[in-house]
Structures are given as C-alpha cells and as structure tokens.
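Per numbering that gives the first Met the number 0, the sequence shown runs over residues 0 to 113.
Think of the CB as a built atom: it goes at the ideal place given N, C-alpha and C, for glycine as much as any other residue.
A short worksheet on the structure shown next.
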Amino acid sequence: MSLTPHEPPPPSPQAGPVFFERRELDLILRVYGRMVALGDWRDYAMVGHKDFAEFAVFRRSGDAPLYRIEKRPALQTRQGQWAVIGEGGQILKRGRDLAQALKVFDGRKFQVVD
C-alpha cells in the first residue's frame, strides 16, 4: 500500500450567465413573431445575467421595454422560474411552465385604461 499525497478536487466549473435553451427561445419567438405580424412589437433584446435571463420586447427601438420575459432558475421550486413583466414593472404572469406564462399574450390586446 503506497501513500500518495492528497490531491485537491478539480476546480468546479464556474457558473456562466443564465440563458434560454433552444426550446424556450422557440416558444418565445413564436409569440414575438405573432405580435410583430399584428404590428404591436418591432424590436427585441436578449440578455443573460448571472442569476436570470431576460427577453425584452419593444414597440420602437430606443423605447423602454413593453414586456420582459424573465427566466430565474433559482425560483423554479418556489413561485416558478418564468415571469412576464409589464411596462411598469408589474408581474403579469408567473409560473413553472413557459408555455403557460406566455398565454398572457393570447387573444387579447393590452391597452392603458384611464
């Protein structure tokens, strides 16, 4: 039996930014394409942050986002990792399933009511 010095464990891979998977992007881009065809949306941006990913849609380039679709994996077991957030920062829909969260855009137009 030979004694060998204790080797340190290999370094754990650094966690990169959170981003969308192909299937998730497909669902989001289907909704985006439908809203562009209706003339409601004109631009989008995607950002991967350390703790969450964000898909923002805009009425015009340079405007504040109309809606943000956020993926926060840390919330999966709590209220759900998906959230659709409106222009004023209010959460319109939250859940564990992206398709369910995106249903907020089905069949209705959003208008500001005085």
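Closest by CA to residue i, which one among the options?
i	options	result
Trp-40	Phe-19, Glu-23, Tyr-66 and Glu-53	Tyr-66
Asp-42	Phe-51, Ala-98 and Gly-32	Gly-32
Asp-50	Glu-23, Ala-73, Val-56 and Gly-38	Ala-73
Leu-97	Val-56, Gly-47, Arg-71 and Gly-85	Arg-71
Asp-130	Pro-16, Met-34, Gly-38 and Gly-61	Because the chain in this structure spans residues 0 to 113, residue 130 falls outside the shown range and cannot be described.
Glu-114	Phe-57, Arg-77, Gln-99 and Arg-22	Only positions 0 to 113 of the chain appear in the structure, and residue 114 is not among them; the question remains open.
Whose C-beta lies closer than 6 angstroms to the C-beta of residue i among residues of the same chain, with five residues either side of it excluded?
i	result
Phe-54	Ile-27, Met-45 and Ile-68
Ile-84	Arg-67 and Ile-90
Phe-18	Gly-47 and Ala-52
Arg-59	Arg-41
Ala-100	Trp-81, Val-83, Lys-92 and Gly-94
Establish whether the CB of residue i and some CB of chain D are separated by less than 7 angstroms.
i	result
Val-17	Protein chains in the displayed structure number just one, and chain D is not present.
Tell me which residues share the same chain as residue i and place their Cβ nearer than 8 angstroms to its Cβ, disregarding the 5 neighbours each side in the sequence.
i	result
Arg-95	Gln-75, Gly-79, Gln-80 and Trp-81
Lys-102	Lys-92
Arg-29	none
Glu-23	Lys-70 and Leu-97
Should residue i be labelled buried (16 or more other beta-carbon atoms within 10 Å of its own) or exposed?
i	result
Arg-93	buried
Ala-52	buried
Ala-63	exposed
Ala-36	exposed
Residues in the same chain with beta-carbon distance under 7 angstroms from residue i, minus the five sequence neighbours each way, listed in chain order, please.
i	result
Pro-16	Gly-47, His-48 and Lys-49
Return yes when at least one heavy atom of the ligand NAD lies under 6 angstroms from the C-beta of residue i, else no.
i	result
Ala-44	Among the components modelled here there is no ligand, and therefore nothing to report on the ligand NAD.
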